[in-house]
Every structure is written in structure tokens, then in C-alpha cells.
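S.K.: Residue numbers (our numbering): 2 to 295. All C-beta atoms, glycine included, are put in the ideal place defined by N, C-alpha and C.
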Ligand code: NDP
């Protein structure tokens, strides 16, 4: 089999952002408002600071309003909850994202559960988890949403495909499985206790790897022609004292067998912020009872 088609997440994320920008223009013209996203950062975690900066920049680039709240690491849980309450009540704020991880003295679950489910652009609130599972209109976690969009660029109709999701986290694996089930895939969710994982993966027309182990999935696990979506982001030594990013799939051996594959970097990664922006528009539509924009 020839080498797989490379699914260009960077280009597809740019398309998603362009659609968001067009939707924002349309909302302004037809409904007289511009969606707003509030991002809350507590503390000085360097990676979180970069994420928050990128999110704010891209929010503004798509024409939306960006509200940044940077709080010191020693912020009391009650003060953070008070800010969330204020943002819940602010009509200019359609989406609220509290950047994780939070400092250890703050109960993350309590804070995330305090966000109004209709403003929960991360899709982590139990109400959104339930809505997704029952097939109701909901805000869906960004990384699985982006992964689904990437798969659909090479297989617009996923119905009937055997899909294997490796990983069952609340952030990636479980919502991914739910999204694929909603697309009428036959879904298997594999995890650390799965027996004969290579055999399970070999049955899949679509593999989504969200394991957190560098280059874990090998090419000889992949059914020839399958679609491989690699969610993993792992920093590993390059050998020259520097580091590089690799996914959860052994790219070279998987690409030699798969029909299509996402690279790392440049695959799922760029889709996550793009889908956050898409969710902010969707949150505004839900709050204002406007049907999905075509
Ligand atoms: P978690 O650590 O929360 O979950 C990992 C999952 O992998 C668990 O369900 C675990 O099983 C399973 N697992 C671990 N070891 C094995 C094994 N040997 N065989 C089979 N399954 C195994 O990770 P996340 O879901 O948060 O993230 C997964 C990956 O995706 C990471 O590389 C992360 O960096 C990346 N990621 C990328 C994002 C992006 O924007 N592209 C966003 C979020 C995550 P069990 O439940 O049994 O322990």
C-alpha cells in the first residue's frame, strides 16, 4: 500500500476559523451582537500562559470579543467562584474557559461545575456530557470535535465504520466515542486493561489514539487503508540534547499502512483552539435560541 494521505490539521483549522469569522460577521449583521469569550488563568504556569495568549489572539482574529482574567496563584477558591458567577451573569460573555490545571488548593471540579452549561465552551460540565450522550444540542469538548472534523475530511460518511478509540478520558476518549456513535460508527473504546489491543485495533476502519504514550500504536496494528487520528502530544528527547513532539502513533510505520493519517505536530493540535472558537459561536447561538448557522 502506498503511503497514507496526510490530513493537514493546520489548513483544516484555518478553514474552521474562517467559517467562525464568517459566522461572527453574520451574527453582527443579522442579530446585532458579537460573541465574547472569557478566559480565566490562575497562576503562572508557562504552558498555560502560552495557551491563553493564543486563545485570546485567535478569538480577536475571528472578530469576537476576548476577555482575559489573570489571577494570582494564591487566589482563593471562593474568589474564583465569584468571578465565574459574575461571568455567568454577564450578557457580553458567551463562553467561559477556566484554564487547567488550577493551583492545588482549588477544587477544579467545583469550579468547572459552577460554569453555566450554556457558556461551557470546553464541554466538560456534566450537563453537556449528558446532552452529548443523549444526542441533544450541546457544547462538545474541543479536541474530539476537531478529531471528528479531521476524520470527516477523508471519509465524509462515517456510518457503519468500525471505529476504535484508544483511551477513555473524560476530555478525549469518552466524548470521542460518543461523537463517533452519533455518526453511526460501531465504536470500541480500548484502555489500559484491554486484552489483545493490537488485535482490537486491527479490526478498525478508523483509529483514534488518545493514550499519552509516545509512538505507542504500531503500523502492524493498523488495517490497510484505515484512517488514523493521532491525538497524542508527547515531548521526547531528539538525541542532540533537544526535544521534539511525537504522537501516540509510530508515524512512519502507521503511515506506511493507513489510508490517511494526522501528523504530529500539525494534525489534531491546531484543531483544538479552532473548535474552541467554533464552540463560542455555538454557545452564543444556544443562549439566544438561534438555530445552527449553515
Ligand atoms: P489520559 O492520561 O487522561 O488518558 C489516557 C488513556 O489512555 C486512559 O484511558 C488509559 O487507560 C489509556 N491507556 C494508558 N495506557 C494504555 C495502554 N498501555 N493501553 C491502552 N490504553 C492505555 O490522557 P488524555 O486523554 O488527556 O490525553 C491523551 C493524549 O492526548 C495525550 O498524549 C495528550 O497529550 C493528548 N491530548 C492532546 C490534545 C490536543 O489538543 N491535541 C488535547 C488533550 C490531550 P485507563 O483509563 O485504563 O487508565
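Is the CB-CB distance between residue 296 and residue 197 below 8 Å?
M.R.: Since the first residue of the chain shown is 2 and the last is 295, residue 296 is not available in this structure.
S.K.: If I measure Cβ to Cβ from residue 257 and keep anything under 7 Å in the same chain, skipping five residues before and after, which residues do I get?
M.R.: On the chain shown, position 256 is the one that residue 257 refers to. Taken in chain order, the residues that qualify are 4 and 220.
S.K.: What residue range does the alpha helix (DSSP H) around residue 24 cover?
M.R.: Taking the first residue of the chain shown as position 1, residue 24 is located at position 23. Segment 10-32, the alpha helix (DSSP H) holding residue 24.
S.K.: What ranges does the beta strand (DSSP E) occupy inside the segment 133-170, keeping only unbroken runs of at least 3 residues that lie completely in it?
M.R.: For the segment 133-170, whole beta strand (DSSP E) runs of length 3 or above, ordered along the chain, are 163-167.
S.K.: Going by Cα to Cα distance, which pick from 13, 92 and 102 is closest to residue 272?
M.R.: Position 271 of the chain shown, counted from the start, is the residue given in the question as residue 272. Per the Cα distances, 13.
S.K.: Within this structure, are the beta carbons of residue 229 and residue 208 separated by less than 8 Å?
M.R.: Here the question's residue 229 lines up with position 228 in the chain shown. Here the question's residue 208 lines up with position 207 in the chain shown. In contact: residue 229 and residue 208 (Cβ atoms closer than 8 Å).
S.K.: Can you tell me the Cβ-Cβ gap for residue 53 and residue 40, rounded? I've got them flagged as a contact below 8 Å.
M.R.: Position 52 of the chain shown, counted from the first residue, corresponds to residue 53. Position 39 of the chain shown, counted from the first residue, corresponds to residue 40. That pair is a contact at about 5 Å.
S.K.: Which term fits residue 96, buried or exposed, when burial requires 16 or more other beta carbons within 10 angstroms of its beta carbon?
M.R.: Mapped onto the chain shown, residue 96 falls at position 95. With 16 or more other Cβ atoms within 10 Å, it is buried.
S.K.: Note down the Cα distance separating residue 276 from residue 194, rounded to an integer number of angstroms.
M.R.: For the purposes of this step, residue 276 is taken as the residue at position 275 of the chain shown. For the purposes of this step, residue 194 is taken as the residue at position 193 of the chain shown. The alpha-carbon atoms of residue 276 and residue 194 are separated by roughly 31 Å.
S.K.: Could you give the DSSP three-state label for residue 261: helix, strand or coil?
M.R.: For the purposes of this step, residue 261 is taken as the residue at position 260 of the chain shown. Looking at residue 261 - three-state DSSP - the assignment turns out to be strand.
S.K.: Taking the CB atoms as reference points, tell me whether residue 166 and residue 188 lie closer together than 8 Å.
M.R.: Indexing the chain shown from 1 puts residue 166 at position 165. Indexing the chain shown from 1 puts residue 188 at position 187. Taking 8 Å as the Cβ cut-off, residue 166 and residue 188 qualify as a contacting pair.
S.K.: Smallest Cα separation from residue 202: which of 163, 73 and 109?
M.R.: Position 201 of the chain shown, counting from 1, holds the residue named residue 202. Looking at the Cα atoms, 163 is the closest of the given residues.
S.K.: Would the C-beta of residue 144 count as close to the ligand NDP, meaning under 7 Å from any of its heavy atoms?
M.R.: The sequence position of residue 144 within the chain shown is 143, counting from 1. At least one heavy atom of the ligand NDP is nearer than 7 Å to the Cβ of residue 144, so yes.
S.K.: Just how far apart, CA to CA, sit residue 145 and residue 73?
M.R.: Indexing the chain shown from 1 puts residue 145 at position 144. Indexing the chain shown from 1 puts residue 73 at position 72. In a straight line, the C-alpha of residue 145 is about 31 Å away from that of residue 73.
S.K.: Closest by CA to residue 282, which one among 156, 10, 6 and 17?
M.R.: For this step, residue 282 is matched to residue 281 along the chain shown. Nearest option by C-alpha distance: 17.
S.K.: Does the Cβ of residue 37 have 16 or more other Cβ atoms within 10 Å, making it buried, or fewer, making it exposed?
M.R.: Against the chain shown, residue 37 aligns to sequence position 36. Answer is buried; the Cβ neighbour count reaches 16.
S.K.: Residue 121: beta carbon under 7 Å from a heavy atom of the ligand NDP?
M.R.: For the purposes of this step, residue 121 is taken as the residue at position 120 of the chain shown. No, the beta carbon of residue 121 sits no closer than 7 Å to any heavy atom of the ligand NDP.
S.K.: Am I right that residue 274 and residue 56 are in contact with their C-beta atoms under 8 Å? What's the rounded C-beta distance?
M.R.: Residue 274 sits at position 273 when you count from the first residue of the chain shown. Residue 56 sits at position 55 when you count from the first residue of the chain shown. So it is a contact: roughly 6 Å between Cβ atoms.
S.K.: For residue 212, is the classification buried or exposed, using 16 other Cβ atoms within 10 angstroms of its Cβ as the cut-off for buried?
M.R.: Within the chain shown, the letter at position 211 stands for residue 212. Buried.
S.K.: Within this structure, are the beta carbons of residue 78 and residue 106 separated by less than 8 Å?
M.R.: Against the chain shown, residue 78 aligns to sequence position 77. Against the chain shown, residue 106 aligns to sequence position 105. It is a contact, given that the beta carbons lie within the stated cut-off.
S.K.: Using the rule of at least 16 other Cβ atoms within 10 Å of the residue's Cβ for burial, across every protein chain shown, is residue 63 buried or exposed?
M.R.: If you number the chain shown from 1, residue 63 lands on position 62. With 16 or more Cβ atoms within 10 Å of its Cβ, residue 63 is classed as buried.
S.K.: Please report the straight-line C-alpha distance between residue 150 and residue 231, rounded to a whole angstrom.
M.R.: By 1-based counting over the chain shown, the position of residue 150 is 149. By 1-based counting over the chain shown, the position of residue 231 is 230. Their Cα atoms are separated by approximately 13 Å.
S.K.: Listed in chain order, which residues are found with a beta carbon closer than 7 Å to a heavy atom of the ligand NDP?
M.R.: Every residue passing the under-7 Å Cβ criterion appears here: 144, 167, 168, 169, 170, 172, 173, 174, 191, 192, 193, 194, 195, 198, 211, 212, 213, 214, 217, 232, 233, 234, 235, 249, 269, 270 and 273.
S.K.: Using the rule of at least 16 other Cβ atoms within 10 Å of the residue's Cβ for burial, across every protein chain shown, is residue 244 buried or exposed?
M.R.: Here the question's residue 244 lines up with position 243 in the chain shown. Its Cβ having fewer than 16 others within 10 Å, residue 244 is exposed.
S.K.: Please classify residue 280 as buried or exposed, where buried requires at least 16 neighbouring CB atoms within 10 angstroms.
M.R.: Residue 280 sits at position 279 when you count from the first residue of the chain shown. Counting Cβ neighbours within 10 Å, residue 280 comes out buried, since at least 16 surround it.
S.K.: Could you name each continuous alpha helix (DSSP H) segment of 4 residues or more that falls completely within the segment 173-247, going from the start of the chain to the end?
M.R.: Listed in chain order, they are 174-183 and 198-203.
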